[in-house]
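Going line by line, the protein sequences match chains A and B. Under numbering that gives the first Met the number 0, the first residue of the first sequence is numbered 0, with each subsequent residue one higher. Under numbering that gives the first Met the number 0, the first residue of the second sequence is numbered 0, with each subsequent residue one higher. Glycine included, each C-beta is placed from N, C-alpha and C at the ideal position. What follows is one structure encoded as structure tokens, with my remarks underneath.
Protein chains: 2
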Amino acid sequence: MANDSIKIIAFDADDTLWVNEPFYREAEQRLEAMLRPYENGETLMERLYARELENLKIFGYGTKGFALSMIETAIELTEGKISGKEIQKIIELGKGLLRRPIELLSGVHETVELLSKTYELMLITKGDLFDQESKIARSGLADFFEFIEIVSEKNPEVYQKTLNKYNIDPKNLVMIGNSLKSDVLPIVKIGGSAVHIPYHTTWVHEQVSEQEQDEHAYETLDSISELPQLLKRIAI
Amino acid sequence: MANDSIKIIAFDADDTLWVNEPFYREAEQRLEAMLRPYENGETLMERLYARELENLKIFGYGTKGFALSMIETAIELTEGKISGKEIQKIIELGKGLLRRPIELLSGVHETVELLSKTYELMLITKGDLFDQESKIARSGLADFFEFIEIVSEKNPEVYQKTLNKYNIDPKNLVMIGNSLKSDVLPIVKIGGSAVHIPYHTTWVHEQVSEQEQDEHAYETLDSISELPQLLKRIAI
Chain A
0 MANDSIKIIA
10 FDADDTLWVN
20 EPFYREAEQR
30 LEAMLRPYEN
40 GETLMERLYA
50 RELENLKIFG
60 YGTKGFALSM
70 IETAIELTEG
80 KISGKEIQKI
90 IELGKGLLRR
100 PIELLSGVHE
110 TVELLSKTYE
120 LMLITKGDLF
130 DQESKIARSG
140 LADFFEFIEI
150 VSEKNPEVYQ
160 KTLNKYNIDP
170 KNLVMIGNSL
180 KSDVLPIVKI
190 GGSAVHIPYH
200 TTWVHEQVSE
210 QEQDEHAYET
220 LDSISELPQL
230 LKRIAI
Chain B
0 MANDSIKIIA
10 FDADDTLWVN
20 EPFYREAEQR
30 LEAMLRPYEN
40 GETLMERLYA
50 RELENLKIFG
60 YGTKGFALSM
70 IETAIELTEG
80 KISGKEIQKI
90 IELGKGLLRR
100 PIELLSGVHE
110 TVELLSKTYE
120 LMLITKGDLF
130 DQESKIARSG
140 LADFFEFIEI
150 VSEKNPEVYQ
160 KTLNKYNIDP
170 KNLVMIGNSL
180 KSDVLPIVKI
190 GGSAVHIPYH
200 TTWVHEQVSE
210 QEQDEHAYET
220 LDSISELPQL
230 LKRIAI
């Protein structure tokens, strides 16, 4: 990280501010248990991931698309033998994900509140518009953020376009997130700074190879609570 | 409509710029045909609409939520007897809606192009983020719009917040749309002007009573092609 001109701190939301991915893994485990009686030797997880990737092109990211992909995979794996009642249970798994309470990660509330006194904060997240707005509202953090952006993809072009909208120079921004692919590398690419705070569970789609990681420079922290200290250190 | 200070023309998208609702009615008719062998005397449309309304609170607007509501309604109406293969067909109906080509309504391209030379244009639409972005990209109209906003709900608060984001005074804006409930009345309520261009097919959720209609003043046109003339007339 570079300079003393940081004015805006941008945060990813899912698995950076609050727990997300473990709920999806739990839903997948419940689906696996539901499909066990139909066992045909193939692994659910691989087929589900392949189906999700295929469907990303039509559905984009988000829980409703995930629910539809779970249903399609269950129909495929059981060769259409799964019952209507079981499919209703899969829909309930999806609704459970959409209704779940927000569990902020350790240190998040204090850190976001503290930083909001010195910096302008931006929240930038991808997924279903309605679901993400609902999570932000329920998180109790919305008032700390000057800018809230929900985008359909997180790549350098989308970040650049979003910053342009508010006349923000990437040099004045540091992005905080758990995903190298979606939060860290694209921001570094457009000339911003980034801090990676890894989370113990990462969707395989968000994982990047070591080669990709080495090409760019960014800071890594164990916890969001270390962020104010890091920002102080680089602002000399 | 009031004054000569109109600087920004905002457009709704679905059924204002391009065909949308008829594709949903078509999907419902296909679902009805699919469920005919299970007939149990209840009407699909009523049950589907009740299910959609219930699910709006969890799914928000958009095609993926519509697909999930079609599946749930089919399971309910057949008392769980619908097969996995038939449910796959319902998912394909949803995917068909997401993939359909964009059919611009008559006069739209010329009018939008013409007005973009005199005014700043905004597009403001609700639904699935990814789906709406894809439709805007495929419409060939994106370059005419200065502002593109996809929102989860269209009420006075959301319009006001969106205009605040760009420091736009509602007095300087006229909103064009086919829905009194979502496009016309909320804009009039926050002090903007609105033009209603009715479309032959309106989702029952977007319909408002005559009483609600009478409370506000707005212009009504038969076709978007009449819009430049109307704007010229009121700009005296």
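- Taking C-beta to C-beta, are A/L120 and A/E145 nearer than 8 angstroms? Yes, the Cβ-Cβ distance between A/L120 and A/E145 is below 8 angstroms.
- Is the region 61-80 of chain B close to the region 92-99 of chain B, with three or more CB pairs under 8 angstroms? As far as the Cβ criterion goes, the region 61-80 of chain B touches the region 92-99 of chain B, which means the pair count is three or higher.
- For A/D168, is the classification buried or exposed, using 16 other Cβ atoms within 10 angstroms of its Cβ as the cut-off for buried? Classification of A/D168: exposed, given that the 10 Å Cβ count is below 16.
- Of the listed residues B/Y37, B/S224, B/T42 and B/L104, nearest to B/S82 (C-alpha basis): Between B/S82 and the set B/Y37, B/S224, B/T42 and B/L104, the nearest pair of CA atoms involves B/Y37.
- Item | CB contact flag (B/Q159, B/I189, <8 angstroms) | Yes, these two residues count as a Cβ contact at 8 angstroms.
- Going along the region 56-87 of chain A in order, which residues come within less than 7 angstroms of chain B, judged by CB to CB distance? Under the 7 angstroms Cβ criterion, the region 56-87 of chain A contributes I57, F58, G59, K63, G64, A66, L67, I70, E71, I74, T77, G79, K80, I81, S82, G83, K84, I86 and Q87.
- Query: Can you tell which of B/A136, B/E75 and B/L52 has the C-alpha that lies nearest to the C-alpha of B/T42?
  - Reply: Of the candidates B/A136, B/E75 and B/L52, B/E75 places its Cα closest to the Cα of B/T42.
- Message: For a test of the three-state rule: what should DSSP assign to A/H195, helix, strand or coil?
- Response: The answer is strand: DSSP assigns A/H195 an E or B state.
- Query: Who are the near neighbours of B/L220 in its chain, counting only those whose CB is closer than 7 angstroms to its CB and skipping five residues on each side?
  - Reply: Excluding positions up to five away in sequence, the list reads V194, I196, L226 and L229.
- Query: To the nearest angstrom, how far is it from the Cα of A/I7 to the Cα of A/L103?
  - Reply: Rounded to whole angstroms, A/I7 and A/L103 show a C-alpha spacing of 21 angstroms.
- Message: So the candidates are B/V203, B/L162 and B/N166; which of them puts its Cα closest to the Cα of B/P185?
- Response: The shortest Cα separation from B/P185 among B/V203, B/L162 and B/N166 belongs to B/L162.
- So which residues on chain B does A/I149 lean against when the C-beta distance must stay under 8 angstroms? Under the 8 angstroms cutoff, chain B gives L128.
- Message: Between A/E132 and chain B, is any beta-carbon pair separated by less than 8 angstroms?
- Response: Cβ-Cβ to chain B under 8 angstroms: yes for A/E132.
- Between the region 110-125 of chain B and the region 11-25 of chain B, do at least 3 Cβ pairs fall closer than 8 angstroms? A contact exists between the region 110-125 of chain B and the region 11-25 of chain B.
- What runs of the alpha helix (DSSP H), each 4 residues or longer, lie entirely inside the region 31-103 of chain B? Annotation: the region 31-103 of chain B contains the following complete segments of the alpha helix (DSSP H) (minimum length 4 residues), in chain order: 43-58, 62-76 and 83-98.
- Query: Using the beta-carbon count (16 or more within 10 Å), is B/I235 buried or exposed?
  - Reply: Confidence at B/I235 is low in this model, with a pLDDT of 47, below 50, so its placement is unreliable and the value that follows should be read with caution. Exposed, since its Cβ has fewer than 16 Cβ neighbours within 10 Å.
- Item | Proximity below 8 angstroms, CB of A/M68 to CB of A/L97 | Here the sequence assigns Ser to residue 68 of chain A, which means Met is not the residue at that position. A/S68 is not a Cβ neighbour of A/L97, given a cutoff of 8 angstroms.
- Item | Contact list for A/R99 against chain B, beta-carbon separation under 9 angstroms | Residues of chain B passing the Cβ test: none, with the nearest at roughly 11 angstroms.
- Query: Counting pairs of beta carbons, one from the region 98-117 of chain A and one from the region 135-142 of chain A, are three or more of them closer than 8 angstroms?
  - Reply: The region 98-117 of chain A, when compared against the region 135-142 of chain A, does touch it at the 8 angstroms Cβ threshold.
- Could you tell me which residues DSSP pairs with B/I149 in its beta bridges? Bridge partners of B/I149: B/T124.
- Query: Does A/K94 have its Cβ less than 8 angstroms from a Cβ in chain B?
  - Reply: True, the Cβ-Cβ gap to chain B drops below 8 angstroms.
- Task: Pick out whichever of A/R29, A/E51, A/E71 and A/E132 has its Cα sitting closest to the Cα of B/I57.
- Result: Closest option to B/I57, Cα to Cα, is A/E132.
- Query: Does DSSP put A/L184 in a helix, a strand or coil?
  - Reply: A/L184 falls in the helix class under three-state DSSP.
- Item | Coarse secondary structure for A/L172, derived from DSSP in three states | Judged by DSSP in its simplified three-state form, A/L172 adopts strand.
- Task: Closer than 9 angstroms by beta-carbon distance: list the chain B residues that pair up with A/I123, in chain order.
- Result: Here the premise fails: no neighbours, minimum Cβ distance about 13 angstroms.
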